[in-house]
Amino acid sequence: MSAVLPQPFFPSPGYIDTPVGAVIAYAGGTDVTVEALGWMLCDGRTLEPALYPELFAVLGYRYGGSAEHFQLPDYRSGSALAPGADAKPIGASYLIKYTYGLSPGRSV
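Each residue of the sequence shown is one higher than the one before, counting from 6 in my numbering.
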């Protein structure tokens, strides 16, 4: 039997919703606008569970941290490859979805 998690952390995703904790390769710019839209770089940074409860509910301490801090995965050294026989790194960044809503105090 699996435990039922609280609704604020796992709302039923709609047709176009990306689940919190999803990681994507992203070739665009990684400025503040990306974080304002609910994504952040997979750069191994340390976060407080109280500020990012949805993401902490998914990751916990899987990538490091303890007590009052947890860490994001660090995928900065990885590289996505361009399609084709002579695949070359394309310099993509990796982003992780951290919330279903916009981040507090930010607007698009």
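Positions of the beta carbon are idealized from the N, C-alpha and C atoms, including for glycine.
Residue of the options minimising C-alpha distance to residue i
i: residue 30; options: 105, 54, 81 and 104; result: 81
i: residue 98; options: 27, 26, 23 and 32; result: 32
i: residue 48; options: 100, 39 and 104; result: 100
As assigned by DSSP and simplified to three states, the class of residue i
i: residue 30; result: strand
i: residue 105; result: coil
Spatial neighbours of residue i in its chain, beta-carbon cut-off 6 Å, leaving aside the 5 residues before and after
i: residue 23; result: 102
i: residue 27; result: 102
i: residue 78; result: 47 and 68
i: residue 50; result: 77
Within-9 Å CB hit, residue i to chain B
i: residue 46; result: Among the chains of the structure shown, chain B does not appear; only one protein chain is present.
Where residue i falls, given that 16 or more other Cβ within 10 Å makes a residue buried
i: residue 60; result: buried
Exercise. Which ranges does the alpha helix (DSSP H) cover as unbroken runs of at least 4 residues, wholly within the stretch 46-84, from first to last along the chain?
Worked result: Qualifying alpha helix (DSSP H) stretches, in chain order: 58-64.
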